[in-house]
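Presented below is the structure to which this report refers.
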């Protein structure tokens, strides 16, 4: 086992008891501007987004107020899901508000706010808050395997951020 | 008092007790395709949107999946508010899913789904469902004077729909 100055921390995923939201909080050992760039530049996004077993092909990634995004999940070269959303508002380095859905369940949609918090020592806390229309939809979201995608995706983001900073990736 | 075959019906505006949503339901004496057109064609939208005392200047109205919209409210020639949103998904004649916000309160955002239901006799029921992140935000939304905008806007839409169908406007 190797020693880490900042041990890997899993994202916390919390379902609020009173409203149909999910809050995901994760810290990264990289400055806020870099964590933000890894969310808005498609060449970076495609290096970490989603679970390890799934390929992500980015079709559109236009992260500006009024923009949109679309990407395709693939496994063994087969397209297995098509994700997309519209971008409500982008405050550079601070906040992204967007929708999220996928073609395979056209009625499923969430409103997602991502906030990039600057921490001491060049670290960043990323806070995501998603809301859906009812508790049943939220239960479906939580049961969809999102946690694997979140944890594995953010672990890949850790490695990408380390390599962008010229650090060993801690693996 | 005049007699109406279809008396004017106010929109019902309901706050759900369990989730921070607002449901707005209103019937129109016009076929679904026409009610839908009045929501996606900017030349029609600007004739009915908003309360009577406020002018609406449409800056962008791109009602397609991945599109966006922006409009400015004016009173006596002064700009008083700037509304905007991104368009998550459009199913022509059936459904529009979009975000809604305004520049003056950048943190306020809702996810809005509009469903166009076909009724007998060439009538349409329009059902809007908005969700926000918490009950406090919903209280703010309900206290913002939205009801005047909804009721007066839909009364203006009644008149527009009547004139598009070559009917007397029932006023």
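Chains as they are written, first to last, in UniProt numbering: chain A, 1 to 171; chain B, 1 to 171.
Don't be surprised by glycine CBs; every beta carbon is placed ideally from N, CA and C.
Listed by chain order, chain A residues near residue i by CB distance under 8 Å
| i | result |
| --- | --- |
| residue 150 of chain B | In chain order: nothing, as chain A lies at least about 19 Å away. |
| residue 180 of chain B | Residue 180 of chain B is absent from the model: chain B starts at 1 and stops at 171. |
| residue 109 of chain B | 88, 89, 97, 111 and 113 |
Proximal residues to residue i (C-beta, below 8 Å), its chain only, five neighbours per side dropped
| i | result |
| --- | --- |
| residue 102 of chain B | 81, 82, 83, 84 and 108 |
| residue 33 of chain A | 93 |
| residue 9 of chain B | 26 and 27 |
| residue 62 of chain B | 68, 69 and 87 |
Close beta carbons around residue i, own chain, < 6 Å, minus the five adjacent residues each side
| i | result |
| --- | --- |
| residue 49 of chain A | 56 and 153 |
| residue 110 of chain A | 100, 130 and 132 |
| residue 12 of chain A | 25 |
| residue 46 of chain B | 56 and 58 |
| residue 15 of chain B | 22 |
| residue 135 of chain B | 20 |
| residue 3 of chain B | Here residue 3 of chain B scores only 42 on pLDDT, less than 50, and its place in the model should not be relied on; the value that follows carries that caveat. Answer for residue 3 of chain B: no residue qualifies. |
| residue 96 of chain A | 90 and 114 |
| residue 104 of chain A | 81 |
| residue 125 of chain B | 27, 117 and 119 |
Residue interval of the beta strand (DSSP E) (run including residue i)
| i | result |
| --- | --- |
| residue 128 of chain A | 124-131 |
| residue 108 of chain A | 105-118 |
| residue 146 of chain B | From DSSP, residue 146 of chain B is part of no beta strand (DSSP E) but of the alpha helix (DSSP H) over 146-164. |
| residue 78 of chain A | 78-91 |
| residue 22 of chain A | 21-28 |
| residue 75 of chain B | 68-75 |
| residue 64 of chain B | No beta strand (DSSP E) holds residue 64 of chain B; DSSP gives it neither H nor E. |
| residue 50 of chain A | Note, residue 50 of chain A: premise wrong, no beta strand (DSSP E); not H, not E. |
Cβ of residue i within 7 Å of any chain D Cβ
| i | result |
| --- | --- |
| residue 114 of chain B | Of the protein chains in this structure, namely A and B, none is chain D. |
Contacts that residue i makes with chain B (C-beta to C-beta distance below 7 Å)
| i | result |
| --- | --- |
| residue 17 of chain A | Near residue 17 of chain A there are no residues of chain B at all, since even the closest Cβ is about 12 Å away, more than 7 Å. |
| residue 101 of chain A | 88 and 89 |
Buried or exposed by the 16-neighbour rule on C-beta atoms within 10 Å, applied to residue i
| i | result |
| --- | --- |
| residue 119 of chain B | exposed |
| residue 91 of chain B | exposed |
| residue 75 of chain A | exposed |
| residue 68 of chain B | buried |
| residue 31 of chain A | buried |
| residue 64 of chain A | exposed |
| residue 165 of chain B | exposed |
| residue 40 of chain B | buried |
| residue 201 of chain A | Outside the shown range of chain A (1 to 171) lies residue 201 of chain A, about which nothing can therefore be said. |
| residue 143 of chain B | exposed |
| residue 122 of chain B | exposed |
| residue 158 of chain B | buried |
Contacts around residue i, its chain only, beta-carbon distance under 7 Å, and the 5 residues preceding and following it disregarded
| i | result |
| --- | --- |
| residue 148 of chain A | 51 |
| residue 44 of chain B | 37, 38 and 160 |
| residue 137 of chain B | 20 and 108 |
| residue 150 of chain B | 11, 13 and 24 |
| residue 98 of chain A | 85, 86, 87, 88 and 112 |
| residue 60 of chain B | 68, 69 and 70 |
| residue 66 of chain B | 87 |
| residue 146 of chain B | none |
| residue 72 of chain B | 57, 59, 79 and 82 |
| residue 53 of chain A | 75 |
Residue interval of the alpha helix (DSSP H) (run including residue i)
| i | result |
| --- | --- |
| residue 11 of chain A | Element bounds for residue 11 of chain A: n/a, residue is neither H nor E. |
| residue 138 of chain B | 135-142 |
| residue 42 of chain B | 42-45 |
Neighbouring residues, chain A, relative to residue i (Cβ below 7 Å)
| i | result |
| --- | --- |
| residue 45 of chain B | Here the premise fails: no neighbours, minimum Cβ distance about 17 Å. |
beta-carbon residue i near the ligand NAP non-hydrogen atom, thresh 6 Å
| i | result |
| --- | --- |
| residue 44 of chain A | The ligand NAP is not part of this structure, which contains no ligands at all. |
Interface residues of chain B facing residue i [CB-CB closer than 8 Å]
| i | result |
| --- | --- |
| residue 126 of chain A | Here the premise fails: no neighbours, minimum Cβ distance about 17 Å. |
At a CB distance below 8 Å, what residues from the stretch 129-147 of chain A approach chain B? Give them in sequence order. 129, 131, 132, 133, 134 and 135
Could you name the residues of the stretch 58-88 of chain A whose beta carbon sits closer than 8 Å to any beta carbon of chain B, in the order they occur along the chain? 60, 65, 66, 67, 68, 70, 84, 85, 86, 87 and 88
Residues of the stretch 11-38 of chain A in Cβ contact with chain B at a cutoff of 7 Å, in chain order, please. 19, 20 and 21
Residues within the stretch 155-169 of chain B neighbouring chain A, beta-carbon criterion of under 7 Å: none
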